[in-house]
Structures are given as C-alpha cells and as structure tokens.
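These notes are about the structure you will find just below.
2 protein chains.
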Amino acid sequence: MERYADMSVEELKKELEELEKEYRRFQKMDLKLDMSRGKPCTEQLDLSMGMMDVLNSHVDLTCDDGTDCRNYGVLSGIEEAKELIGDMMENHPDNIIIYGNSSLNVMYDTLARAMLSGVMDNTPWCKLEKVKFLCPVPGYDRHFSMTEYFGIEMIPVPMNEEGPDMDMVEKLVSEDELIKGIWCVPKYANPSGATYSEHTVRRFARLHPAAKDFRIFWDNAYGIHHLYDEHQDYIPEILAECKRAGNPDMVYKFASTSKITFPGSGIAALATSQNNLVDIKRQLSQQTIGHDKVNQLRHVRFFGDIHGMVLHMKKHADILRPKFQAVQDALERNLSGLDVGTWTKPNGGYFITFFALDGCAKKIIKRAKKAGVTMTEAGSTWPYHKDPHDRDIRIAPTYPPLEDLKVAAELFSLCVKIVSAEKLLEEKAHAATAAEEK
Amino acid sequence: MERYADMSVEELKKELEELEKEYRRFQKMDLKLDMSRGKPCTEQLDLSMGMMDVLNSHVDLTCDDGTDCRNYGVLSGIEEAKELIGDMMENHPDNIIIYGNSSLNVMYDTLARAMLSGVMDNTPWCKLEKVKFLCPVPGYDRHFSMTEYFGIEMIPVPMNEEGPDMDMVEKLVSEDELIKGIWCVPKYANPSGATYSEHTVRRFARLHPAAKDFRIFWDNAYGIHHLYDEHQDYIPEILAECKRAGNPDMVYKFASTSKITFPGSGIAALATSQNNLVDIKRQLSQQTIGHDKVNQLRHVRFFGDIHGMVLHMKKHADILRPKFQAVQDALERNLSGLDVGTWTKPNGGYFITFFALDGCAKKIIKRAKKAGVTMTEAGSTWPYHKDPHDRDIRIAPTYPPLEDLKVAAELFSLCVKIVSAEKLLEEKAHAATAAEEK
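Chains as they are written, first to last, in the numbering used here: chain A, 1 to 438; chain B, 1001 to 1438.
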C-alpha cells in the first residue's frame, strides 16, 4: 500500500471518501464493544472455577503447620501460600508478605506508609516540601493517578526498546534527593507489552540514588503471563540483582493472581528485603490482624504448586493468543505500508500500544467511540493524562469475544486511517496555502 | 465470705498460706490456657463450614444485576451484600461500603485518609501541629495502638454504666479544635461488655464539636452478638440519630462478619453519610478496583438474609453462653463477699472486665501466667498501656474449651485472691509500722 504522506491531495480526498463510506457502514452496525480495560474474558474466568471446589465443608482448612485458616492471625500469610507465590515471583518465601485481593491496594498502602511514616526511619514524605516520582511512559494509568492523588510530582521518562531511558533515570535519581521512587512494569509492560532488557534491570540494581529512601516500585503484574510457550521474555530477578549490587533495600516488588485466577478474588503479594519487611510489618500489624487465609489456602489447594500454575497459564494463553493475533492481523492488513502509525507486538501481558501520528490519538479514540468501540482514554498512559504528542493508544484485546474483537480491530484501523488522512490533508492544504502566500 | 480487708494480719497470713498451696497444685497441672484474645473457638468456626459449600463450580457467580463476581469492578460492594450488611448494621444499603476481610483495616484506612487527605476538604491531620482523640477507658487495645501509631494524642475518658462520661466528652469536644475523633464500641463494648444507654447515644448525636472535621469512630463490632435471645441490649442507630440532630456527617460506623463467619475471611463494612461516602470514594477509587466480590456473594448465599444471620448468631450464643456463665460462676463462687474486685456481666460480646484492687492487675496477670494461663496484658485496655490504677483486666472466655476455661477461671480467681491478700497484708503491715512510729 502507498504511504498516505506520498498521496496527492486528490488521492487523499478520494481515499477519505471511501473510508467515510466504510465508517458509516460500521456505524449502522450499532456496535457496543470495549477494548478499554485489561479485564480477563469469561472463558478465562471459567478456567478457575475449580477453585470453588477445592474447599468444602468436608475439607480440613488447616495448614501444614497446624494453623486453622478460619481463625484470626498470621500477619504475613500462610507458609504454603508464601511458597507458591514465592515460586511465582521468583523470591524466597521469607521475603514475601501475602496481602488481600489487590496488588494495587498493596502499592497504595506502600505509598501511604511512606507518606505518613517514612521509609526505614527516614522523614515521612508528607513532611517534605516536595516528593517526585519517575514515570516511564507510556505507563499504567492507575499508577499515575494514585501518585497524583498523593500529591507527588511525576516526571515522565521515555520508554525505548530496552525499557526506560536509563541514562535519564541514572542522572535524575543521582542528582535529585526529592526523587523518591520510580514506577516499573518490567515485563510485558502495561501498556506497551515491552519487557526490560537484562542490561536495563542490571542498571536499575546499580542505581546510586541521592535519596536514601528511594525505592523502585517494581510492579511485576505480568511475570508469568506469556502468550507463547516457546517465546517467553525473561528478566533477571530484581531483588537478587539489587542484593548483589549492594542495594538490597532498594526495591518493593508487587504481584498478584488477579489475572491468573479471579480478578478481585485473587491474592496479592509484596516481596522485598528483610529490612524493608521489618519496616512494613511495624505498620501492617497496626492495620490488620491478618489477610484472608482461607483464600490463600484455596489458591494453594487449587494449583498444588508452581507447575500447576504454569499449566493453568498455558490455558489462559490459548484463549488470549488468537485475540492478540486478531488485532495484529487487522493492524497489519489495514495499516501496513501506509506509515500512519506503529504498534507493539508483545509476547505476553494484556496490552498492545498503538503509536499514532502526532496529534491523532484523541481523534482516533473519539471516532472509534462514535461508532461504538470504547478504547482507553487518550493520554491516560501519561502522567496527568497529558500525552505531549497525543500519540499513544492502549489496546486491550482480552475482554471482548474474538469475533467482536475482529470487528473492533477493523473499525479501529479504519479510524486510524481516517484521522491520519485528515491530518495529512490538512497539512498539505496548509503547505499549499503557505506556498501560495510566498 | 469475709471481706479480706476485715481480716486480721494473722487471718490473712493463714489464708495466703492456703492459697499458695492451692496455687502450687495448679502449677503442677502444667496448664497452657489462653484467655487473652477475643477469638472464636473451633466449634464456632464449624458453624460456618456450610459457607464453603454454597459456591462451587456448578453455581452461577453472577449477581442479580448481572455483575460477574469473578471479574474486576464494583468499588463499593455488590448490592446483595449491601442489603444483607445494611440489615445487620441497621443502615440503608446506599450508606454502606463493603470492604475486605477486616474492619480494623477499614478503621486504619479511615484514619490514614484523614491524616493524608483530610476529612471533607478540611486540612489533612498530618499538616496540623497536633491531633487528639478521646478514648473511653477501658477500651480496645488495637484502637489505641493504631491511634498511637499515627502520632495522635489520646485522652482517656472514663466509662460509667451508661457509656463514656458524656459531660467530659461534651466539654472537651466543644472546647478543643484539635480533638478530631472519639473511639466508641457502643454495644457489648470491648472490654467491659457494657452497652451505651439511649441517653448517651442521643448525647453523642447532639455534640457540638469545635472541629468541623470531628468524627465519631463508632465500632459496632458486636451489634448482633447477643448471648441471650431474651436479654438483648439495644442502642438507637447512630447515623439516624445524628441526621435527626442535624449532624449527619459526624459518624463513621464500622462492622464486620469476623465473629459471625470466619475471622480473617469475613467481610467488613463502613456506613456513613452520603457526603462522607463521596469523600471516601474519591480515595478508595485510587486504592483499589474493588474488594473480594466472590466472598461477598458467598456470605449472601450462605445467610440468605438477615433472618438467616440471626439464626446463625443464636448458635454462636449457644456455644458462648456456658463459657461466659462458667467465668461468672467461678468469680461469684470464689470472690463474692471478699471485696477484692468487681466484674461486668454483659449480655453479649466477647469480653468480661475484671476490676481488681488498685495496683493489683499486673501482679494477678503475672501470677496467672506463671501457672500457665495467659490473660490480656495489664494496661492494654488503656491508651499507651497505662492504666493509672493498674486495675483493669480483660477476660476473653470465648476461645478455650469449656473444661479448660473452668480451670482457667478457678486459677484466675485464686490469683486475684493471692495478690489481693498480699496487698492488704502489706497495707496492714505498713499501717502498723506507721502507728508504731507515731
């Protein structure tokens, strides 16, 4: 196909006419499709229904160490769950706290604790004139809105193919004591699907932060969420890397089973150094007597061990692979060669990011919405919802049924073409006027 | 029995000799009993095993409104759960947020939010030079330690038979703008088992706090935890009372099913005014996507409705009544007439409070411990663990098996007698010396 930029004004006008006709056909379909949130689909949820059977009134709800899971106690989680989640997170069980149903809540609590009580005897962040966080972009909207809620200033750091721009991260972190943290989704990142290179992870572990209480917020949300069994991304384990580099306390690592079993009814966890754990437990013991141990036991009994969990994730992959493929196919078929955008091709996770021509993201999403397809709001993958190029679009292919998704991906491609053609037409008209005026 | 105070020195010495003999008999029994925490016993937990059966892989996990409980979403809880918990808390479902497994966690979050973000657009408490809370004493140790953790100054307010000393509460609250809250366990209070009178509740609703962001932290932990079907304590519903009194936003009310189904795997809730709810949800939406809806549904399906829950609570009462009775019997049999202490006789809840002679609580608890019976640490029912009279002892009769409890109550009574006799002997010796010196 010909690059839109190379078309003449006439050709572009003609193309646009055709595209608008097609768009109207879509509008008549009265679609109501949602590619906005990273929600598992019904078939994925069905995979975990067995979890509802492993505990029943004839089953002993006692741990190996004799703990009755039904009663109060066990602040940091039952041992069996720590072992399972330790294997999942690639951390020693002793470095883990099992929380409630939401890793987002764990991150929130971690920020709230740092704000109110400080990190390991350092000044509480709420007592400082200002606190700043580095935010690799595009990134996870909920990280950013939570950070904004706490009044923390966000500094965007561009992502490249290896992860965040580490030259920039190293420079900023070593120079500015007010920078207290960085948000990382290191594997199959939300929203690009990119995975940090080994080199990037090592550079993270070797940071020299000006702030003693600087922490990497390592949200390994998609650690075992591969799409392919053969093509799996790999990252070095960050706690171990940091320990080797002499920075043992620099990381809070988060994960959950939200996209493994049931979102909202999974178990979340934090892995970190012993020093950080002591610091955290001092607060946690004020906050709760313990999290839901019955649900921890339910997860352990359902999976048995990490191998059971891996086999389970393959079933997720079997459902998700065709969906990701359908979006990739539609984008490839409709947009290849037009030079109106690029997109990521992740090996796992929940998202594809589409990079439109500058200034086109909002319009594309608006167009899609008008024809019944909801995308994540433009700008939401940037701090303060401000994408300076108005370019990044997060595509979430997991939730809609495959057939709906195919239609949605077609419509999305069409909207990209329309908005891009309009933009180029406008530019050409503008250039022509400018030439005339000369 | 004769009052110890009326005994001669010789009589007291002889009594003490006999008591010590008996104490040594207990020591030889090598007891390991725990009357320290308000934990349900195994038989109580067994009552809720049916909760493990109501959901299974053949059951539809969808709400009446079509919400798939397995997936993300529904910030404030599923409607069915709000109705059930609304009936339990005597509040409209629309005034309720269902949280995770722990009302303690809800209280913590409520304090943390007030500290960091303030209450309804007032200055965040962490920005104030000082924040104070009123703490009716004796009270719940976890309330106090949490308050201390947040650096909030605690002012003890004595409890009398009608609840906290309301003259003092009214005066302090109306005069001091730094007083931002008061902890209340209005029904079958932890640890006295006392219930606020209707008059007290009405006076609470009619407070005129100097601080606009003053809130009553109304921990109705034992709202339906009656010991008797016929003798049930009653308190007016505080939200409604406050609304009628023109103070609609003055209360945060907390409850959970921790001592109804499984502690640690129940559901917790907060009830409050619409204005407060808007304020809270602004923060809650940053903290989580939603709490465990499957567990909410599990509770709804298990109980059916509030009548099911009430019938369930009667079974709890049947287990707990003999335990409370055993403690009452032992105290009555062993201590009546000796004038060495008084104790409460609650109609519900989880605790009895024993008021020893001044300066005796620590010693009694130490004595009991030395013979293998663990009581709640002395002083823990007071802010900063400082019981100025060293007098209050919390007895938690629920957890030990009945036979163990009987032994523990005997031993406890014995320890009371020993420590009281020692105290009186010392006083008499001191008085004699003083008389001689004269």
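Where a beta carbon is used, it is the ideal one built from N, C-alpha and C, also for glycine. What you are looking at is a predicted structure, and each value in this text was computed from that prediction instead of being measured.
Among Y1149(B), M1120(B), N1122(B) and D1121(B), which has the Cα closest to the Cα of F1133(B)?
By 1-based counting over the second sequence, the position of residue 1133(B) is 133. Closest option to F1133(B), Cα to Cα, is Y1149(B).
Whose C-alpha, out of R1206(B), G1348(B), A1255(B) and S1008(B), is nearest the C-alpha of P1397(B)?
Within the second sequence, the letter at position 397 stands for residue 1397(B). The option with the nearest alpha carbon to P1397(B) is G1348(B).
If you measure between the beta carbons of A361(A) and D392(A), is that distance less than 8 Å?
Taking the first sequence and counting its residues from 1, the one referred to as residue 361(A) is at position 361. Taking the first sequence and counting its residues from 1, the one referred to as residue 392(A) is at position 392. Taking 8 Å as the Cβ cut-off, A361(A) and D392(A) qualify as a contacting pair.
What are the residues that DSSP puts in a beta bridge with M159(A)?
For the purposes of this step, residue 159(A) is taken as residue 159 along the first sequence, with counting starting at 1. Partner(s): P164(A).
For a quick check, are the C-beta atoms of S1174(B) and H1208(B) less than 8 Å apart?
Here residue 1174(B) is taken as the residue at index 174 of the second sequence, counted from 1. Here residue 1208(B) is taken as the residue at index 208 of the second sequence, counted from 1. Their beta carbons are under 8 Å apart, which means S1174(B) touches H1208(B) by this criterion.
Taking G1117(B) as part of the beta strand (DSSP E), name the residues at either end of that continuous run.
Walking along the second sequence from the start, residue 1117(B) turns up at place 117. The amino acid occupying residue 1117(B) in the given sequence is Ser; Gly does not appear at that position. Run containing S1117(B): none in the beta strand (DSSP E); it sits in the alpha helix (DSSP H), S1103 to S1117.
To the nearest angstrom, how far is the alpha carbon of G1193(B) from that of D219(A)?
As a position in the second sequence, residue 1193(B) is number 193, starting the count at 1. As a position in the first sequence, residue 219(A) is number 219, starting the count at 1. Those two C-alpha atoms are separated by around 45 Å.
Grab me the residues of R301(A)'s own chain with a C-beta within less than 6 Å of its C-beta, minus the 5 sequence neighbours each way, in chain order.
Along the first sequence, one-based indexing puts residue 301(A) at 301. Around R301(A): V54.
Does any residue of chain A have a CB that is nearer than 8 Å to the CB of T1288(B)?
Residue 1288(B) sits at position 288 when you count from the first residue of the second sequence. Yes, its Cβ sits closer than 8 Å to a Cβ of chain A.
Could you tell me which chain B residues have their CB closer than 9 Å to the CB of G50(A), listed as they occur along the chain?
What you label residue 50(A) is simply residue 50 of the first sequence in a count that begins at 1. Per Cβ cutoff of 9 Å: S1057.
On a Cα-Cα basis, can you pick out the residue from K1212(B), L1116(B), Y1228(B) and V1137(B) that is closest to C1184(B)?
Translated into the one-based positions of the second sequence, residue 1184(B) becomes position 184. When only C-alpha atoms are compared, the closest one is V1137(B).
Can you give me the start and stop residues for the alpha helix (DSSP H) that P1136(B) sits inside?
On the second sequence, position 136 is the one that residue 1136(B) refers to. Taken as a continuous stretch (DSSP letters only), P1136(B) belongs to no alpha helix (DSSP H), being part of the beta strand (DSSP E) at K1132 to V1137.
Is there a C-beta anywhere in chain B that falls below 8 Å from the one on Y4(A)?
For the purposes of this step, residue 4(A) is taken as residue 4 along the first sequence, with counting starting at 1. No, no contact with chain B.
Is it the case that the Cβ atoms of L270(A) and I97(A) are separated by a distance below 8 Å?
By one-based count along the first sequence, residue 270(A) stands at place 270. By one-based count along the first sequence, residue 97(A) stands at place 97. Against a cut-off of 8 Å, the Cβ pair of I97(A) and L270(A) comes out as a contact.
So M1115(B) contacts chain A; which residues on that side make the cut at Cβ distance below 7 Å?
Residue numbering aside, residue 1115(B) sits at position 115 when the second sequence is read from its first letter. Within chain A, the residues near M1115(B) are L116.
May I ask you to verify whether the region 1413-1420 of chain B touches the region 1365-1375 of chain B, counting CB pairs closer than 8 Å and requiring at least 3?
Counting Cβ pairs under 8 Å, three or more are found: they touch.
Do you know offhand how far E22(A)'s Cα is from A434(A)'s?
Numbered from its first residue, the first sequence carries residue 22(A) at position 22. Numbered from its first residue, the first sequence carries residue 434(A) at position 434. Straight-line Cα distance between these residues: approximately 33 Å.
So, using beta-carbon positions, are D1279(B) and V1119(B) closer together than 8 Å?
In the second sequence, the residue the question calls residue 1279(B) occupies position 279. In the second sequence, the residue the question calls residue 1119(B) occupies position 119. Cβ distance < 8 Å, so D1279(B) and V1119(B) count as in contact.
Check this for me: beta carbons of K259(A) and H225(A), under 8 Å apart or not?
Looking up residue 259(A) in the first sequence gives position 259. Looking up residue 225(A) in the first sequence gives position 225. Cβ distance < 8 Å, so K259(A) and H225(A) count as in contact.
Give the interface partners of K1039(B) over in chain A, defined as CB-CB distance under 9 Å, in chain order.
Position 39 of the second sequence, counted from the start, is the residue given in the question as residue 1039(B). The contacting residues are N71, Y72 and G73.
Which class does H1226(B) belong to by DSSP, given the choice of helix, strand or coil?
By 1-based counting over the second sequence, the position of residue 1226(B) is 226. H1226(B): strand per DSSP, three-state reduction.
Cα-Cα, which of S8(A), T42(A), N91(A) and W125(A) is closest to F254(A)?
In the first sequence, the residue the question calls residue 254(A) occupies position 254. Minimum Cα distance to F254(A) is reached at N91(A).
Could you check whether the Cβ of G1372(B) sits closer than 7 Å to any heavy atom belonging to the ligand COA?
Absence of the ligand COA is noted for the structure shown, with no ligands found whatsoever.
On the DSSP bridge list, what partners appear for A255(A)?
As a first step, residue 255(A) is located in the first sequence; it is residue number 255 there, counting from the start. DSSP lists A269(A) as partners of A255(A).
List the residues that DSSP assigns as beta-bridge partners of I1152(B).
On the second sequence, position 152 is the one that residue 1152(B) refers to. Note: I1152(B) sits in no beta bridge, so no partner.
Flag H231(A) as yes if its beta-carbon sits less than 8 Å from any beta-carbon of chain B, otherwise no.
By 1-based counting over the first sequence, the position of residue 231(A) is 231. Not closer than 8 Å to any Cβ of chain B, the Cβ of H231(A) fails to qualify, so no.
Check the Cβ of A112(A) against every Cβ in chain B and list those closer than 7 Å, keeping chain order.
On the first sequence, position 112 is the one that residue 112(A) refers to. A1112 and L1116, listed in chain order.
Taking the beta strand (DSSP E) that L1075(B) falls in, what are its first and last residues?
Position 75 of the second sequence, counting from 1, holds the residue named residue 1075(B). Run containing L1075(B): none; DSSP gives neither H nor E here.
With a threshold of 6 Å on Cβ separation, who are the neighbours of I1319(B) within its own chain once the five nearest residues in sequence on each side are excluded?
For the purposes of this step, residue 1319(B) is taken as the residue at position 319 of the second sequence. Around I1319(B): E1043 and Q1044.
Taking only beta-carbon positions, decide if S265(A) is within less than 8 Å of chain B.
Counting from 1 along the first sequence, the entry for residue 265(A) is found at position 265. At least one chain B Cβ lies under 8 Å of S265(A).
Short of 7 Å in beta carbon distance, which residues of its chain neighbour V1419(B), apart from the five on each side in sequence? Order them along the chain.
Here residue 1419(B) refers to the residue found at position 419 of the second sequence. So the qualifying residues of the chain are C1360, K1363, I1364 and R1367.
Taking the straight line between their C-alpha atoms, what separation do you get for C1063(B) and A1268(B)?
In the second sequence, counting from the first residue as 1, residue 1063(B) sits at position 63. In the second sequence, counting from the first residue as 1, residue 1268(B) sits at position 268. When rounded, the distance between both Cα atoms is 19 Å.
Is it buried or exposed, M1029(B), if we count other Cβ atoms within 10 angstroms and call 16 or more buried?
As a position in the second sequence, residue 1029(B) is number 29, starting the count at 1. The residue in question, M1029(B), is exposed, as its Cβ has fewer than 16 Cβ neighbours within 10 Å.
Could you name the residues of the same chain whose beta carbon sits closer than 6 Å to that of H385(A), not counting the 5 residues immediately before and after it, in chain order?
Reading the first sequence from its first residue, position 385 is the one you call residue 385(A). Closer than 6 Å at the Cβ level, and outside the excluded window around H385(A), lie G379.
Exposed or buried, Y188(A), counting other C-beta atoms within 10 Å across all chains shown (16 or more means buried)?
Taking the first residue of the first sequence as 1, we reach residue 188(A) at position 188. Buried, since its Cβ has 16 or more Cβ neighbours within 10 Å.
What are the start and end residues of the beta strand (DSSP E) that includes M7(A)?
Locating residue 7(A) in the first sequence gives position 7, where the first residue counts as 1. That residue, M7(A), is in no beta strand (DSSP E); it is neither H nor E in DSSP.
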